[in-house]
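*Asks:* Residue numbers (the numbering used here), protein chains in the order written: chain Z, 15 to 244; chain U, 15 to 244; chain S, 15 to 244; chain C, 15 to 244.
From the three backbone atoms N, C-alpha and C, an ideal C-beta is built for every residue, glycine too.
Keep in mind the model is a prediction, meaning the values are calculated, not measured.
One structure is given below, represented as C-alpha cells, and several questions about it will come after.
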C-alpha cells in the first residue's frame with residue numbers, strides 16, 4: 015500500500031500535470047484538436063505496473079493508443095468500448111494484453127464472494143482461464159499459465175466478434191503478455207506474443223503475411239524461448 | 015482514421031516495446047515485482063488523446079497509477095475495477111477524469127441504436143449528462159457543458175459509493191476535465207478541477223483541509239477562470 | 015405498498031406452493047423432466063401486474079414459455095438469457111412485451127442518480143425511448159408513447175441481433191404492449207401488436223406471410239384502434 | 015425443441031391472450047390500475063418449467079409477484095431490477111429460486127466460449143457454484159449439488175447487499191429450489207427451503223422468529239428429507 019495520504023496524493027497529481035502542461039512543446043497537439051487517429055486499440059489490465067508507455071515511443075507527436083482497461087483485460091466487461099476503437103475509429107490493430115503476476119487472475123481463483131457485487135461480477139469473467147489453478151497460489155508457473163489461458167480466452171472471444179474485419183484484412187487481433195518480471199527471459203518490460211488472429215502456434219503465425227517480412231531479431235525478441243508448460 | 019495497416023501497426027508496436035525494454039534502466043522495476051502500490055486510481059476515457067503521462071512525471075522509479083478506462087469515463091460500466099483500486103489497493107485518491115471534445119459524449123446525444131448492442135449499452139450510461147445537448151453538436155460550449163455534467167454525475171455516483179471511505183478521511187474523490195484544447199485558457203494539456211468529494215463550489219473546496227495549504231499558484235492553475243455557462 | 019410482513023409473506027408463499035403441488039394432476043409434468051420445449055421466448059418487465067398467464071392458457075400440459083424479466087423489458091441487460099431462448103432452445107417466436115403504466119419508464123425520465131448504482135445502470139438503458147417525455151409525468155398519453163417507443167427501440171436492437179434467424183424464417187420477433195388499463199380500448203388484459211420483425215406499419219405486417227391467414231377477428235383484436243399520437 | 019413454427023407460435027400466443035382477456039372477471043384488475051403492491055420479489059431462472067403459478071394461488075384478485083428472471087437466477091446480472099422490488103416497492107420477502115435440472119448450471123460447467131459474448135458473460139456468473147462439478151454431467155446428485163451451491167451463493171450476495179433491510183426486520187431473504195422432478199421426494203412441483211437470511215441450517219432457521227409459529231406440516235413440507243450429500 016502507498017504511503018501517500020489523500021492530501022499528498024492530490025498535490026502530487028496536480029504538480030505532475032502542471033509540469034506536463036508547461037513542458038509540452040508548442041504545437042505538439044495541434045493535429046489532434048478535432049479528431050483522434052489511434053493506430054492501435056489496447057485492451058489491458060488496470061494494474062499500475064502495466065505501462066502504455068511501453069507501446070508508445072515518447073515523445074510521439076501525438077498520443078495514438080486507444081486504451082480500454084479493466085481488471086483482467088476482459089473483452090466482455092467493456093466490449094462496447096472495444097467496439098468503439100475497432101469499429102468506429104477503425105484501428106487496424108487490436109492488442110489484448112495480459113501481464114505477469116496479475117492480481118485479478120489470482121483473486122479470481124479464490125472464493126471472492128465477500129467482495130463488492132460489482133467486483134464479483136468482473137472477477138466472474140475470469141472463470142474459464144483460472145480453472146485448474148491452485149486457489150490464490152504465488153507459484154509463478156501456475157500463475158503465468160492462467161494469465162496465458164486468459165489471453166487465449168479473450169482472443170477467442172475477440173476473434174469470434176471481429177471475424178468480419180479480420181477476414182477483410184482491415185484488422186489484426188493479437189494477444190500478448192507484458193512481462194515486467196522477466197519470467198520469459200526476454201528482458202524486463204518486454205511483451206511476448208502468444209496469439210495472432212486466433213492462431214497460437216508461433217511457427218505458423220510468424221510465417222503469416224502479417225509477420226513474414228519482420229526483421230528476424232524483432233521476431234525473436236517477442237517469442238517466448240521455451241513455452242510455459244501447460 | 016490512421017494510415018497504418020494491420021501489418022505496419024504491428025511492427026510499430028513491437029519496435030516501440032523493444033526500445034522501451036532495452037532502454038529501461040537496470041533495477042528500475044525491482045520494487046514492483048511482487049506488489050503494486052499506486053497512489054491514485056484514475057477512471058478516464060479511452061480516447062487516445064488522454065495521456066496518463068499527464069499525471070505521471072517521467073521517469074518515475076515505478077508506475078503508480080491504477081487506471082480504468084471506458085468510453086465516457088463511467089463508474090457503472092466497470093465499478094468492480096474501480097473498487098479494486100479504491101478498496102483492495104486502497105489508493106488515497108480517486109480521480110474521475112473527463113476530457114474536452116469527448117466523442118462518446120457526442121455520440122450519446124444522438125440516436126445510436128444502430129451501433130453494436132454492447133456499445134449501445136455503454137453509451138446508455140451517459141443518459142443523464144447529455145440531456146439538453148443538441149444531438150451531435152460540435153459547439154464547444156454545449157459540448158463542454160455536457161462533459162462537465164458527466165464529470166459531476168460520475169462524481170455523484172462515486173461519492174455515494176465511497177461515502178464510508180471519504181468520511182473516514184482515507185479517500186478523496188476528485189472530478190477533473192483534461193483540456194488538450196485549451197478551452198479553459200489554462201494551458202494545453204492542463205486539467206481543471208471541478209469537484210472535490212461532491213462539492214462543486216471552488217470557493218468551498220479550495221478552503222477544505224484537503225487543499226488549504228497548497229501553493230496559491232498551483233491552486234490557480236487548476237481552477238477554470240470564468241466558469242462555462244450552464 | 016403491501017400490508018404483508020416478512021413472516022406473513024413467507025407463509026403465504028409456502029402455502030400457495032403446497033396447494034399447487036398437491037393439486038397438480040399426476041403425470042402432468044412427465045414430459046418435461048429431461049428437457050424444456052418452449053414455443054416462445056418472452057422478454058418482459060418485472061412488474062407484478064404483467065401476467066405470463068395472459069399468454070399461457072391454463073391448464074396446459076406443460077409450461078412452455080421461456081421468460082426473461084428485467085425492469086423495462088430491456089434486451090441489453092440480459093441479452094445472454096434471450097440468446098439462450100432464441101439460439102440455444104430455438105423458440106420460433108420472440109415476444110418483446112412492454113406494458114401500460116410502466117414504472118421503470120417513468121423513473122427513467124427523472125433524475126434518478128440517487129438510486130443504487132445497479133438500478134441507475136439498468137434505468138440508463140431506457141435513455142433513448144424516454145427522450146421528450148415530461149419527467150415523471152402521469153399523463154397516460156405521454157407515458158404510453160414512451161412505452162411504445164421503448165418497445166420499438168428494443169425491437170430495433172433485437173431485429174439487428176437476430177437478423178440471420180429472421181432471414182432464415184426460423185424466428186419471428188414481435189413487439190407488443192400488454193394493456194391492463196384498457197388504454198387501447200381493446201379490453202382489459204389485451205395485448206396490442208405494434209411491430210413485427212421491425213415493421214411497425216400494421217397494414218404491412220398484417221398482410222405478411224406470418225399473419226395473412228389469421229382469422230380477421232383475431233387480427234382485429236390485437237391492433238390498436240386509433241394509434242397513440244406521437 | 016418445439017414443433018411450432020413462427021406462424022403457429024404467433025397464433026397460439028394471440029389466441030391465448032384473447033381468451034385470457036375475454037374471460038377476465040369484470041373489475042378484477044381495478045385495484046392495480048395505478049400502482050402495484052407485490053408481496054414478494056422473486057429472482058428465478060428463465061426455464062419454461064419454472065412456474066410463477068406455483069407461488070401464486072389462482073385466481074388471486076390481482077397479480078402480486080414482482081419477478082426478475084435470467085439464466086441461473088443470478089443477482090449480479092440484474093441486481094438493479096431486484097433493487098427495484100426490494101427497495102423501491104419494498105416487498106417484505108425476496109425469494110431466490112433455483113430449480114432442478116437447470117440447463118444454465120450445466121452449461122456453465124462446460125467450456126462455453128463459443129456461445130455469444132452476452133451469454134458467455136451471463137454464464138460467467140455461475141463460476142463459483144459450478145466448481146468441482148463434472149463438466150456437462152447429467153448425474154442428478156452432482157447437478158443438484160451445483161444448483162444448491164448456486165442458491166447459497168446468490169443468497170450470500172443478496173444477504174450482503176440487503177443487510178440493512180434484514181437487520182431492520184423489514185425484509186427476509188430466502189433461498190429455495192423448485193423441484194419439478196421430485197428429487198427431494200417432497201412432491202412434484204414442491205419447493206424446498208435451503209437458506210433463510212444466510213442461515214443454511216434448517217434446525218436453526220425453522221426456530222427463528224420468522225418461522226416459529228408455522229404449522230408443523232407446512233414446515234415439514236418444505237424441508238428436504240435427507241440432505242443432498244455435498
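(1) Quick check on DSSP: helix, strand or coil for residue 209 of chain U?
(2) Would residue 167 of chain Z and residue 143 of chain Z qualify as a contact pair, given that the criterion is a beta-carbon distance under 8 angstroms?
(3) Going along the chain, which residues of its own chain have a beta-carbon closer than 6 angstroms to the beta-carbon of residue 58 of chain S, five neighbours each way excluded?
(4) Please go through the region 143 to 227 of chain C and give each complete alpha helix (DSSP H) segment of 4 or more residues, from N-terminal end onward.
(5) Take residue 153 of chain C as the anchor and find which of C:37, C:114, C:140 and C:187 has the nearest alpha-carbon.
(6) Starting from residue 236 of chain Z and walking both ways along the beta strand (DSSP E), at which residues does that stretch end?
(7) Given 8 angstroms as the limit, is there contact between the region 117 to 131 of chain U and the region 155 to 173 of chain U, that is, 3 or more CB pairs closer than that?
(8) So residue 110 of chain Z is in the beta strand (DSSP E); what residue range does that whole segment cover?
(9) How long is the line joining the alpha carbons of residue 173 of chain C and residue 179 of chain Z, rounded to whole angstroms?
(10) Output the boundary residues of the beta strand (DSSP E) element that contains residue 83 of chain S.
(11) Which of helix, strand or coil does DSSP assign to residue 57 of chain Z?
(12) Counting pairs of beta carbons, one from the region 37 to 53 of chain C and one from the region 41 to 50 of chain S, are three or more of them closer than 8 angstroms?
(13) From the beta carbon of residue 90 of chain U, is the nearest beta carbon of chain S less than 8 angstroms away?
(14) So is residue 139 of chain C in contact with chain Z if we call contact Cβ pairs under 8 angstroms?
(15) Let me see if you follow: with CB-CB separation under 8 angstroms, is residue 214 of chain U close to chain S or not?
(16) Using 8 angstroms for Cβ pairs, my map puts residue 94 of chain C next to residue 130 of chain S. What's the rounded Cβ distance?
(17) Among the candidates S:207, S:185 and S:132, whose CA atom is the shortest distance from the CA of residue 192 of chain S?
(18) If you draw a straight line from the alpha carbon of residue 236 of chain Z to that of residue 18 of chain U, how long is it in whole angstroms?
(19) Which residues in chain U have a C-beta closer than 8 angstroms to the C-beta of residue 134 of chain S? List them in chain order.
(20) Give a yes or no on whether the minimum CB-CB distance between residue 81 of chain S and chain C is below 8 angstroms.
(21) To which residues of the same chain is residue 233 of chain U closer than 7 angstroms at the C-beta, ignoring the five residues directly before and after it?
(22) Check each residue of the region 153 to 185 of chain S: if its Cβ is closer than 8 angstroms to any Cβ of chain U, include it; give the result in chain order.
(23) Let me check understanding here. Comparing Cα to Cα, which of S:216, S:222 and S:139 lies closest to residue 238 of chain S?
(24) Start and end of the alpha helix (DSSP H) containing residue 41 of chain U?
(25) Compare the C-beta of residue 125 of chain C with all C-beta atoms of chain Z and state if any pair is closer than 8 angstroms.
(26) Given a threshold of 16 other Cβ atoms within 10 Å of its Cβ, counted over all protein chains shown, does residue 61 of chain Z qualify as buried or as exposed?
(27) Excluding the five sequence neighbours on either side, which residues of its own chain have a C-beta within less than 6 angstroms of the C-beta of residue 196 of chain S, listed in chain order?
(28) According to the neighbour-count rule (16 or more other Cβ atoms, all chains shown, within 10 Å of its Cβ), is residue 198 of chain Z buried or exposed?
(29) Rounding to the nearest angstrom, what Cα-Cα distance links residue 119 of chain S and residue 204 of chain C in this structure?
(30) Does any C-beta atom of chain S lie closer than 8 angstroms to the C-beta of residue 27 of chain C?
(31) Which one of Z:107, Z:108, Z:33 and Z:23 has the shortest CA to CA distance from residue 56 of chain U?
(32) Assign residue 162 of chain S to buried or exposed, taking buried as 16 or more other Cβ atoms, counted over all protein chains shown, within 10 Å of its Cβ.
(33) Just to confirm the assignment, what range does the alpha helix (DSSP H) spanning residue 90 of chain C have?
(34) Taking the C-alpha atoms as reference points, what is the distance between residue 66 of chain U and residue 50 of chain Z?
(35) Kindly indicate the opening and closing residues of the alpha helix (DSSP H) around residue 104 of chain S.
(36) Can you grab the Cα-Cα spacing for the pair residue 223 of chain Z / residue 85 of chain Z, in whole Å?
*Replies:* Taking the geometry as given:
(1) In the second chain, residue 209 of chain U corresponds to position 195, counting from 1. Note: residue 209 of chain U maps to strand in three-state DSSP.
(2) Locating residue 167 of chain Z in the first chain gives position 153, where the first residue counts as 1. Locating residue 143 of chain Z in the first chain gives position 129, where the first residue counts as 1. Contact: yes.
(3) By one-based count along the third chain, residue 58 of chain S stands at place 44. Correct list, in chain order: 64, 83, 87 and 111.
(4) 154 to 175, 177 to 182 and 216 to 219
(5) In the fourth chain, the residue the question calls residue 153 of chain C occupies position 139. Nearest C-alpha to residue 153 of chain C: C:114.
(6) Residue numbering aside, residue 236 of chain Z sits at position 222 when the first chain is read from its first letter. No beta strand (DSSP E) contains residue 236 of chain Z, which is instead part of the alpha helix (DSSP H) from 230 to 236.
(7) yes
(8) Here residue 110 of chain Z is taken as the residue at index 96 of the first chain, counted from 1. 107 to 113 is the span of the beta strand (DSSP E), which, as asked, contains residue 110 of chain Z.
(9) Taking the fourth chain and counting its residues from 1, the one referred to as residue 173 of chain C is at position 159. Taking the first chain and counting its residues from 1, the one referred to as residue 179 of chain Z is at position 165. If I take the Cα positions, the gap works out to 45 angstroms.
(10) The residue you call residue 83 of chain S lines up with position 69 of the third chain. Note, residue 83 of chain S: beta strand (DSSP E), 79 to 83.
(11) Taking the first residue of the first chain as position 1, residue 57 of chain Z is located at position 43. DSSP places residue 57 of chain Z in strand when its eight states are reduced to three.
(12) no
(13) To locate residue 90 of chain U, count along the second chain from 1; it is residue 76. So yes, residue 90 of chain U belongs to the interface.
(14) The sequence position of residue 139 of chain C within the fourth chain is 125, counting from 1. Cβ-Cβ to chain Z under 8 angstroms: yes for residue 139 of chain C.
(15) Here residue 214 of chain U refers to the residue found at position 200 of the second chain. Cβ-Cβ to chain S under 8 angstroms: no for residue 214 of chain U.
(16) Residue mapping note: residue 94 of chain C aligns to position 80 of the fourth chain, counting from 1. Residue mapping note: residue 130 of chain S aligns to position 116 of the third chain, counting from 1. With 8 angstroms as the limit, residue 94 of chain C and residue 130 of chain S qualify as a contact, their Cβ atoms being about 7 angstroms apart.
(17) Numbered from its first residue, the third chain carries residue 192 of chain S at position 178. Checked all of S:207, S:185 and S:132; the closest Cα to residue 192 of chain S is S:207.
(18) Here the question's residue 236 of chain Z lines up with position 222 in the first chain. Here the question's residue 18 of chain U lines up with position 4 in the second chain. Their Cα atoms are separated by approximately 21 angstroms.
(19) To locate residue 134 of chain S, count along the third chain from 1; it is residue 120. Ordered by position in chain U, the residues that pass the 8 angstroms Cβ test against residue 134 of chain S are 90 and 171.
(20) In the third chain, counting from the first residue as 1, residue 81 of chain S sits at position 67. Answer yes: the Cβ-Cβ gap between residue 81 of chain S and chain C drops below 8 angstroms somewhere.
(21) Residue mapping note: residue 233 of chain U aligns to position 219 of the second chain, counting from 1. Contacts found: 220 and 225.
(22) 167, 170, 171, 174 and 175
(23) Within the third chain, numbered from 1, the residue matching residue 238 of chain S stands at position 224. The residue with the shortest Cα to Cα distance from residue 238 of chain S is S:216.
(24) Residue 41 of chain U sits at position 27 when you count from the first residue of the second chain. Looking at the DSSP string, residue 41 of chain U is not in any alpha helix (DSSP H), and its letter there is neither H nor E.
(25) Counted from its first residue, the fourth chain places residue 125 of chain C at position 111. Yes, residue 125 of chain C counts as interfacial toward chain Z.
(26) As a working note, residue 61 of chain Z is residue 47 in the first chain. With 16 or more other Cβ atoms within 10 Å, it is buried.
(27) Indexing the third chain from 1 puts residue 196 of chain S at position 182. Result list for residue 196 of chain S: 202, in chain order.
(28) To locate residue 198 of chain Z, count along the first chain from 1; it is residue 184. Its Cβ being crowded by 16 or more others within 10 Å, residue 198 of chain Z is buried.
(29) Looking up residue 119 of chain S in the third chain gives position 105. Looking up residue 204 of chain C in the fourth chain gives position 190. Between residue 119 of chain S and residue 204 of chain C, the C-alpha separation is close to 35 angstroms.
(30) As a first step, residue 27 of chain C is located in the fourth chain; it is residue number 13 there, counting from the start. It does; some Cβ of chain S falls within 8 angstroms.
(31) Stepping through the second chain from its first residue, residue 56 of chain U is reached at position 42. It is Z:23 whose Cα lies nearest to the Cα of residue 56 of chain U.
(32) Position 148 of the third chain, counting from 1, holds the residue named residue 162 of chain S. Residue 162 of chain S is buried by the Cβ-count criterion.
(33) For the purposes of this step, residue 90 of chain C is taken as the residue at position 76 of the fourth chain. Run containing residue 90 of chain C: none; DSSP gives neither H nor E here.
(34) In the second chain, residue 66 of chain U corresponds to position 52, counting from 1. In the first chain, residue 50 of chain Z corresponds to position 36, counting from 1. Answer to the nearest angstrom: the Cα atoms are 16 angstroms apart.
(35) Numbered from its first residue, the third chain carries residue 104 of chain S at position 90. From DSSP, residue 104 of chain S is part of no alpha helix (DSSP H); its letter is neither H nor E.
(36) As a first step, residue 223 of chain Z is located in the first chain; it is residue number 209 there, counting from the start. As a first step, residue 85 of chain Z is located in the first chain; it is residue number 71 there, counting from the start. Whole-angstrom Cα-Cα distance: 33 angstroms.
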